[in-house]
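Take a look at the structure below.
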Amino acid sequence: MTANPLIRRYRFSQFRPQQLVIFGVLYGCVLSLLLFINISIYRFGDAFNSSNTLYDSLFIQFTIMQILMMWLLMPMNCSSAIQKEISEKSFDFFRMLPIPAYHKATGILVGRNLFNLIIAGINFIFCVVFGILAELPPALLIQLLLLLICFSLALNFASLLSSILSFKKARSNVLALVLLAIFGFGPVMGGLFEAVDNGDIQAFKVHFITIEVPILYLISAYVLVAAVWFFVGVLRRFSFEYQSLCSRKGAIFLMITYLFLLYGIFHHFLFDASELARYHQPEPFYIFYILGLFPLALIPLFSMRTFDQYVEITRTSKCQNGLLLRQFLHSNLFLGIILFALWALVMNVLCVLTKNPVFEYATFSLLLLTCYLVVVCLVELYTLYVSESGKIGYLLGFIAGLYFILPLIFSAIFENDYVALFSPFGLIAQFGDRMSPIEWFPVVVWNMVILLPLGLLVGRKYLQIDRVRSEIETSNG
Numbered sequence: 009m010t011a012n013p014l015i016r017r018y019r020f021s022q023f024r025p026q027q028l029v030i031f032g033v034l035y036g037c038v039l040s041l042l043l044f045i046n047i048s049i050y051r052f053g054d055a056f057n058s059s060n061t062l063y064d065s066l067f068i069q070f071t072i073m074q075i076l077m078m079w080l081l082m083p084m085n086c087s088s089a090i091q092k093e094i095s096e097k098s099f100d101f102f103r104m105l106p107i108p109a110y111h112k113a114t115g116i117l118v119g120r121n122l123f124n125l126i127i128a129g130i131n132f133i134f135c136v137v138f139g140i141l142a143e144l145p146p147a148l149l150i151q152l153l154l155l156l157i158c159f160s161l162a163l164n165f166a167s168l169l170s171s172i173l174s175f176k177k178a179r180s181n182v183l184a185l186v187l188l189a190i191f192g193f194g195p196v197m198g199g200l201f202e203a204v205d206n207g208d209i210q211a212f213k214v215h216f217i218t219i220e221v222p223i224l225y226l227i228s229a230y231v232l233v234a235a236v237w238f239f240v241g242v243l244r245r246f247s248f249e250y251q252s253l254c255s256r257k258g259a260i261f262l263m264i265t266y267l268f269l270l271y272g273i274f275h276h277f278l279f280d281a282s283e284l285a286r287y288h289q290p291e292p293f294y295i296f297y298i299l300g301l302f303p304l305a306l307i308p309l310f311s312m313r314t315f316d317q318y319v320e321i322t323r324t325s326k327c328q329n330g331l332l333l334r335q336f337l338h339s340n341l342f343l344g345i346i347l348f349a350l351w352a353l354v355m356n357v358l359c360v361l362t363k364n365p366v367f368e369y370a371t372f373s374l375l376l377l378t379c380y381l382v383v384v385c386l387v388e389l390y391t392l393y394v395s396e397s398g399k400i401g402y403l404l405g406f407i408a409g410l411y412f413i414l415p416l417i418f419s420a421i422f423e424n425d426y427v428a429l430f431s432p433f434g435l436i437a438q439f440g441d442r443m444s445p446i447e448w449f450p451v452v453v454w455n456m457v458i459l460l461p462l463g464l465l466v467g468r469k470y471l472q473i474d475r476v477r478s479e480i481e482t483s484n485g
């Protein structure tokens, strides 16, 4: 760890004697004041009935300090890492360091938080000691501390990734983290009090596929998976700065991972007869069906290829015949179709296995495909035309807003629920009413009408790239 040049650099700046003395004394004063107040209340007040209640209170207070340290201060340091490198005019040097991407990521994550890690380590010891003295169940203590660590990893990796993605805009994300801490601190603190007072949360189990696991372990595992993906994003951004955040294979694997984790939660509800008997309709599958759509809106944005990459794809082609098809196969539009096909395949197979109305869900999937193609075409238009006009994103964003929101507004104005079906939001909301496919046909026509000009604009740009590349090859030949 000390062989990492970034850690050595940050250690030199953070461990200056004056700075260590100031912050060390400050932490010692806070620690002493906290212990003094609690012991004084225990000896002279009526708030604590026994030593166990005192230790319970101290455990919660030190855990809250740990949360502030690991969920707020450390992510704040990571979120401003790249901006600070730019302000100190050392970012180019950082880029050219001849070390692997994971050394750069580790150097920032550890180096920027060296002093915080020491304080967090001391706090961690106090949390464990007071948890044991309070006679908390060992299972509860382990689960809470594991949850604390997993969330800290995810928040730090996400903050560093956000800093890397926004470094060209030189924008700090500290304000967003502070607002998140302000609104999240109360619920976290209340949850800690309730968990410690009840002492039963460690015994509450949920199903992951067919395995029963404590809920805090499951949450920790899911958060850890998210942390791993954030870290992979950091490594890719350090390795391929001008590439998309997700590769093609990475986008597909991310979709598979999401669907598997989602299925792991819903398996018990989809196949257990006693669980299904609680519902008048097969609602668990519908919820699973809709939740599976979420990554379809995000993954294409993370894996979006640029116009320059389209040009490069035609340059590296071994033959000039079929360039249009080659562009399409490497396009954002085709990736979106693959991801949607993967989602539809999983959902329709599970629809058969869970004995839900297959034809109805298959028809609805085709309807959603027409809606999804509209959205993906708008993303593709941004990719193809942003080089001509940097402000085209505002126009396309406005069109997307109209597509999603305007039918809902008209539905409310004319008090006609059917009009809302022309918005994807309205479709998803009203599918539970089990409308017939005949009622969906006008929506399909409407989507096709929108897709026609969008598809023509996309095809026009593909043909333009093809024509330019052919002219270049002809002149070179």
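Convert by adding 8 to the 1-based position in the sequence shown; the result is the number in the numbering used here.
Just so you know, even glycine gets a beta-carbon here, dropped at the ideal spot from N, CA and C.
These figures come from a predicted structure and were not determined experimentally.
Please classify Val354 as buried or exposed, where buried requires at least 16 neighbouring CB atoms within 10 angstroms. buried
Which residue comes first and which comes last in the beta strand (DSSP E) that contains Lys97? Taken as a continuous stretch (DSSP letters only), Lys97 belongs to no beta strand (DSSP E), as it is neither H nor E.
With which residues is Glu220 paired in a DSSP beta bridge? His215
Cα-Cα separation, Gly434 to Val452: 14 Å
The segment 461-473 touching the segment 332-345, judged by at least three CB pairs closer than 8 Å: yes
Quick check on this structure: which residue in Ile446, Arg256, Leu76, Phe23 has the alpha carbon closest to the alpha carbon of Pro160? A small fix is needed here, since residue 160 is Ser in this sequence, not Pro. The residue with the shortest Cα to Cα distance from Ser160 is Leu76.
Measuring CA to CA, which of Leu337, Thr61, Leu117 is closest to Leu81? Leu117
From the DSSP output, in three-state form, read off Phe20 for me. helix
Within 7 Å of any Cβ in chain B, is that where the Cβ of Gly463 sits? The chain labelled as chain B is not found in the depicted structure, where only one protein chain is given.
Local Cβ density within 10 Å of Asn455, reported as buried at 16 or more and exposed below that: buried
Cys158 and Val231 closer than 7 Å at C-beta: yes
Looking at the structure shown, is Lys469 part of a helix, part of a strand, or coil, going by DSSP? helix
If we require 3 or more residues per run, which beta strand (DSSP E) segments fall completely within the segment 84-159? none
Distance between beta carbons of Ser21 and Cys86, contact taken as under 8 Å: At roughly 16 Å, the Cβ-Cβ gap does not stay under 8 Å, so Cys86 and Ser21 are not in contact.
Work out the CA separation of Ala89 and Ala178 for me, nearest whole Å. For Ala178, the predicted structure reports a pLDDT of 47, less than 50, and the residue's modelled location is therefore unreliable. The matter cannot be settled from this model.
Considering Phe70, what are the terminal residues of the alpha helix (DSSP H) in which it resides? 59-75
Going by the CB atoms, is the gap between Phe274 and Phe296 shorter than 7 Å? yes
What does the Cβ neighbour count give for Arg51, buried or exposed, with the cut at 16 atoms within 10 Å? exposed
Name the two residues that bound the continuous alpha helix (DSSP H) containing Thr265. 256-279
Should Leu410 go down as buried or exposed, given a rule of 16 or more other Cβ atoms within 10 Å for buried? exposed
Would you tell me roughly how many angstroms separate the C-alpha atoms of Val466 and Val366, rounded to the nearest one? 34 Å
Below 7 Å between beta carbons: does that hold for Cys19 and Leu122? The question names Cys, but residue 19 in the sequence shown is Arg. Yes. Within cutoff.
Using the Cβ count rule (16 or more neighbours within 10 Å means buried), how would you classify Pro461? exposed
Between the C-alpha atoms of Phe70 and Asn57, what's the straight-line distance to the nearest angstrom? 20 Å
Should Trp79 and Leu28 be called a contact, given that it needs their Cβ atoms to be closer than 7 Å? no
Simplified DSSP state of Leu377, which is helix, strand or coil: helix
Going by DSSP, what residue range makes up the alpha helix (DSSP H) through Glu291? 291-299
Ser180 - DSSP class collapsed to helix/strand/coil: With a pLDDT of only 49 at Ser180, under the threshold of 50, the placement of this residue in the model should not be trusted; the figure read from the coordinates follows. DSSP places Ser180 in coil when its eight states are reduced to three.
Let's test the definition: count the other Cβ atoms within 10 Å of the Cβ of Asp64 and tell me whether it reaches 16, buried, or not, exposed. buried
If we count the other Cβ atoms within 10 Å of its Cβ and call it buried at 16 or more, is Met73 buried or exposed? buried
For a quick check, are the C-beta atoms of Pro1 and Asn340 less than 7 Å apart? Limits of the chain in this structure are 9 at one end and 485 at the other, which puts residue 1 out of reach.
Using only the alpha-carbon positions, how far apart do Gln26 and Leu125 sit? 19 Å
Quick check: the segment 369-376 against the segment 420-440, are there 3 or more CB pairs under 8 Å? yes
Check whether Phe372 and Phe439 have beta carbons under 7 Å apart: yes
Presumed contact (8 Å Cβ cut-off) between Asn364 and Phe412, rounded CB distance: Contact flag wrong, Cβ pair sits at about 27 Å.
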